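Those sequence lines, one after another, are chains Y, R and V. The numbers in this note's numbering rise by one with no breaks, and the one at position 247 of the first sequence is 247. The numbers in this note's numbering rise by one with no breaks, and the one at position 312 of the second sequence is 312. The numbers in this note's numbering rise by one with no breaks, and the one at position 162 of the third sequence is 162. Using N, Cα and C, we set each Cβ at its ideal position, and we do this for glycine too. Remember, predicted model here, so these are calculated numbers, not experimental data. Single-structure report; data block below.
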Amino acid sequence: MSDLLTRSPGWSLPQAAYTDPDLYDADLDRVFAAHWLFAGHTAELDAPGRYLTVDVGRDRVIVVRGEDGAVHAHHDVCAHRGSRVTAEPRGRVKAFVCPYHQWVYGLDGTLRSARLMGDCFATASYRLAPVAVRETAGLVFVCLADDPPAFEPFAAALEPRLGPHGLADARIAVRHHYRVAANWKTLVENNRECYHCAGSHPEFSLSNFDVGVHGDVRTNPRYDRALADARAHWSAQGLPAEDVSFPGGDWYRIARLPLREGYVSETLDGQPLAPPMGTLSDPDVGSLRMVSLPNMWGHANADYAMTTRLTPVDVATTDVELCFLVARDAVVDEDDLAAVWRATSEQDWELCERNYAGIASRGYRPGPLSPVVEASVESFLDWYLDALGGAARAA
Amino acid sequence: MSDLLTRSPGWSLPQAAYTDPDLYDADLDRVFAAHWLFAGHTAELDAPGRYLTVDVGRDRVIVVRGEDGAVHAHHDVCAHRGSRVTAEPRGRVKAFVCPYHQWVYGLDGTLRSARLMGDCFATASYRLAPVAVRETAGLVFVCLADDPPAFEPFAAALEPRLGPHGLADARIAVRHHYRVAANWKTLVENNRECYHCAGSHPEFSLSNFDVGVHGDVRTNPRYDRALADARAHWSAQGLPAEDVSFPGGDWYRIARLPLREGYVSETLDGQPLAPPMGTLSDPDVGSLRMVSLPNMWGHANADYAMTTRLTPVDVATTDVELCFLVARDAVVDEDDLAAVWRATSEQDWELCERNYAGIASRGYRPGPLSPVVEASVESFLDWYLDALGGAARAA
Amino acid sequence: MSDLLTRSPGWSLPQAAYTDPDLYDADLDRVFAAHWLFAGHTAELDAPGRYLTVDVGRDRVIVVRGEDGAVHAHHDVCAHRGSRVTAEPRGRVKAFVCPYHQWVYGLDGTLRSARLMGDCFATASYRLAPVAVRETAGLVFVCLADDPPAFEPFAAALEPRLGPHGLADARIAVRHHYRVAANWKTLVENNRECYHCAGSHPEFSLSNFDVGVHGDVRTNPRYDRALADARAHWSAQGLPAEDVSFPGGDWYRIARLPLREGYVSETLDGQPLAPPMGTLSDPDVGSLRMVSLPNMWGHANADYAMTTRLTPVDVATTDVELCFLVARDAVVDEDDLAAVWRATSEQDWELCERNYAGIASRGYRPGPLSPVVEASVESFLDWYLDALGGAARAA
């Protein structure tokens, strides 16, 4: 992998970074199994025994609300002969009973009973293997590493910004699943620049400025004025106006951006589709953009929020789950709610698949990133190579 | 593979044993290509030229009744440029004519003629590559090895027990095919314990005791009494009552077990669906259970028999063929006939797929086998590792 | 690969040559990326900006008619981040605009403009990576090598023979796509002998003699007389009568063969379906057979021509495109037009799939080629091994 670690700054990665199955295994080990991964929503874990599952490569993690109100996470692998203990992707249980031989695990993962294992069986020695888990502002993250990276700075940045949107008390009104024929990094790169927005995202571009995103160094007086006005407006509502953007090269960014004039939400007509969520009262809080590497991004408007979760399937395939959240009791038209981001996402998957097909071919060479509008792709690649190499140095 | 050979007794295998493609290749070489494999039924080979085919990994073997009444087996690979010579999985032919260039092979596999090969062509030097084949009690086995293990002790044990069921003169009334997303060993392990029966097999559990199976060390006075009574009853009919159970760690087991009170066959209501097969006259002979490693198990009741044949497809995929046999002239309702074992098998495939998904994930660790009810899984793993390592030592 | 290079003359290749993924990669590098490949038809490139695409393994090449009237070929990989720049397999454009970030390439592949790349961006340094391309007699060939083998001798042989058929001014009336479960060499071997024709190709055999093809050393006075008569007839029309057959072991063969008595075209009833193409006036010019290794063969009758193009997909899979061409203004029944060669091709794919299944199995051994009717398979294998080993020596 020395080729990767010595890539030229300002250029896309060598082909092998996107197509080599061994490199993909390293991605799973050093990136996905070593970092915090977005798993799902607190809103889905609203009572003891309520659980969701999240796949990471060939792994599946159960995230469950315990009797104690805390959230727990476990590998979905019975300590007996390894069966999945869940049969559904989400649900509510009193305990996890393995469907194979009925070993019973508490919500905290401890083995409660195992029938017919003999008198010498040390029940207390067995459990569902634990996985680190954290909640913040209604989002749930897991980490497969024994010694996870710090989560607190992220939570400290996210909570005051996303917290008022009340995602923890929201409901998931729409959920979409996609399978995309591209390496996961191709999807993250696509998300890390809006160079392609004007040409590909008409619905998104109705409400969003073409500039102002991370990695876009263009100046635009009209945008600057809109941002200054909006920040004053947000501050007046008690919302922190400053971004937190990959501090120290870290893995997350949270930024509230203004929408175009006449738009108070990322909808086709700019009008809100539902009442403000959480403790928000003003329908116009711009759009709070979040990204957490390697597998999540989302936008939170006052009336709805959208999250995108990536799951690598193999070196050339990535699964995506899109969720649309609204206030728990809001009545919404689901098509209208999903209109902008369903279209935008599907446009992106098509771009990603065409991009990946070209990357995988003999004619591909690393190409130059735009210093004007692709600096955020560059910083993602830096972060990625550091994750890959840092783990390598640690190994 | 040294990791495998040093596994801890009493524990399931390391992950690689189920998921490593190289290990799978070793399984094909050292287990499947080195042992007797169940191929099909004498009942399908009831006239000269009647043939069946059986797949083993990427190999296909033809088994055919010769003009001489003996059964022959050949690789289904033309000696010319390698084409399959059969187009159908079974049928009746006078000779095997390769569909590509019409080379003609006798039922004994010898090349009879090859058109347009020139005057110097030594027809007698070519043939379909032979495969070892044996018949016993209506079951047909093949072995791809040049020097197959002994077959006679198995035949000597099976013939007096299964022979009276008359499978050789039966007909296959129902045939089901399944593709299961699991390594073949996961299916064998599932078959080697009834720890999961009470929780997963309601139809099977109607007629079958929960105890008494190989590897279950529980005692149960009611079962013991039923067994003693049944054995006296079987002996009176001239049926050997004693089991033959993996003698000397060998690859087969044959055991006649009693059914629950009120059940004379493994049917939903316990009543026979067809007249007794073969030379049996009493409708109640319990259920004769057979297993031959690595690819077959079956149950023979007085009125019907069921056989299960495994075909490994790749490290994570196994094909299964289930056959239901009855007396040749018996009129049966096919749904009723297959009801118990179709349900039981499909329940097992679902358990196996969930088990395999967990085994393939990062959270899997070898787990403890029950000393009470899983000793037969342990003895399968012993046999398997011996096959793998014994061949390795011989290589 | 030394095993391959030392195969026994007169025998088919060892199994690995057809099934080993590493060998397949070598095939792509040393055979497909090193030789001229049939890409498509001049008839599809009848105006500036008209383009077609051709896949070679994971590569895609754009072939386009330039403003200058010349044909150009480029890798379909944007020089920015590698996206495919075409969205359709063929069409007409003024320029290639990458759908991802709208980089604009001229038909000659040069980068015309790249938005938002900053003031220091050296537009002139970027282009679609060029691919060698040649046209002859209405057929278009590309070569991925930096230093392609000589094309001119092929063109010099093809032009006077195929040129009069006017393929450059024809139209593609029917196009069929197939995916065949066999290594590409299995398809070429199938094409290189007519040993299988009598047994498998009833439609083809209506119009075609069983003898006379390359590699068939049989003599047949009736055929010899037909050939002599036909050659006199062709010469009188100004058509060269002599074959050009893999000169010096080279990669192409062009031969005009007579059809059976009463047949003037390879149709079911022998009658032409359309007026003579190009400058031909006589409806009876036999059938001009062309093969160019590794990926094309075709037949040109007076009324219609058929081309077959192979695209390797993976070691065990090959895509095929069949095109049927007629004079541009000819009105034809498409089913009648395709009747003989659609049937013949589909028969061949089935033979190839059965052949490949046998080759991939444990029972396969290299088999003897017929010295009477398979010498052309032998010469293909010689050419292939030379390509493989010659490149190896050069590497």
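Under 9 Å Cβ-Cβ, which residues of chain Y neighbour residue i?
i         : result
Ser-345/R : Going along chain Y, no residue has its Cβ under 9 Å from Ser-345/R, so there is no contact; the nearest lies around 16 Å.
His-196/R : Pro-99, Tyr-100, His-101, Gln-102
Arg-58/V  : Thr-19, Ala-357, Ala-360, Ser-361, Arg-362
Ser-12/R  : His-80, Arg-81, Gly-82
DSSP on residue i, reduced to helix/strand/coil?
i         : result
Thr-267/R : coil
Ala-357/V : helix
Phe-246/V : coil
Asp-314/V : strand
Leu-399/R : Nothing can be reported for residue 399/R: it is not among the residues displayed for chain R, which extend from 1 to 395.
Pro-221/Y : helix
Leu-239/Y : coil
Trp-251/R : coil
Cys-78/R  : coil
Arg-256/V : strand
Leu-273/Y : coil
His-233/R : helix
Arg-393/V : Model confidence at Arg-393/V stands at a pLDDT of 39, short of 50, so the residue's coordinates are unreliable; what they give is reported in the following sentence. Correct three-state label for Arg-393/V: helix.
Ala-338/R : helix
Glu-321/Y : strand
Thr-53/R  : strand
Thr-344/V : helix
Find out if the Cβ-Cβ distance for the pair residue i, residue j is shorter than 8 Å.
i         : j         : result
Ala-338/Y : Pro-275/Y : no
Val-64/R  : Leu-107/R : yes
Gly-163/V : Pro-130/V : no
Val-188/V : Val-54/V  : no
Pro-247/R : Ser-12/R  : no
Ala-230/R : Gly-286/R : yes
His-35/R  : Leu-139/R : no
Ala-137/R : Leu-116/R : no
Thr-311/Y : Asp-319/Y : yes
Leu-280/Y : Ala-305/Y : no
His-74/Y  : Leu-128/Y : yes
Ser-345/V : Glu-266/V : no
Asp-303/V : Leu-259/V : no
Glu-334/R : Val-174/R : yes
Mind listing the chain Y neighbours of residue i? Cutoff is C-beta to C-beta under 7 Å, in chain order.
i         : result
Val-77/V  : Gly-358, Ser-361, Gly-363, Tyr-364
Ser-370/R : Leu-116, Met-117, Gly-118
Leu-144/V : Arg-362
Taking C-beta pairs closer than 8 Å, name the residues in chain R that residue i reaches, listed in chain order.
i        : result
Pro-99/Y : Gly-199, Ser-200, Leu-351, Arg-354
His-35/Y : Residues of chain R passing the Cβ test: none, with the nearest at roughly 14 Å.
Note down, in chain order, every chain V residue with its Cβ under 7 Å from the Cβ of residue i.
i         : result
Ala-129/R : Gly-363
At 8 Å on the CB atoms, spell out the chain V contacts of residue i, in chain order.
i         : result
Val-373/Y : Leu-116
Contiguous alpha helix (DSSP H) assignments of at least 4 residues, all confined to the segment 16-47 of chain R: 16-19, 21-26
Report the residue ranges of all alpha helix (DSSP H) runs contained in full by the segment 170-212 of chain Y; include only those spanning at least 4 residues, in chain order. Given a length threshold of 4 residues, each whole run of the alpha helix (DSSP H) inside the segment 170-212 of chain Y is given here in chain order: 184-191, 197-200, 202-207.
Considering only residues of the segment 103-169 of chain Y, which uninterrupted alpha helix (DSSP H) runs meet the minimum length of 4 residues and lie entirely inside it, listed in chain order? 152-162
Per the contact definition of three or more C-beta pairs closer than 8 Å, is the segment 44-61 of chain Y in contact with the segment 189-202 of chain Y? no
The segment 82-89 of chain Y contacting the segment 353-363 of chain R, beta-carbon criterion three pairs below 8 Å: With contact defined as three or more Cβ pairs closer than 8 Å, the segment 82-89 of chain Y and the segment 353-363 of chain R are in contact.
Report the start-end ranges of each alpha helix (DSSP H) in the segment 277-305 of chain R that is 4 residues or longer and not cut off at the edges. none
Hey, is the segment 251-269 of chain V in contact with the segment 206-213 of chain V, meaning 3+ C-beta pairs nearer than 8 Å? yes
Can you find at least 3 beta carbon pairs, one from the segment 329-346 of chain R and one from the segment 378-390 of chain Y, that sit closer than 8 Å? no
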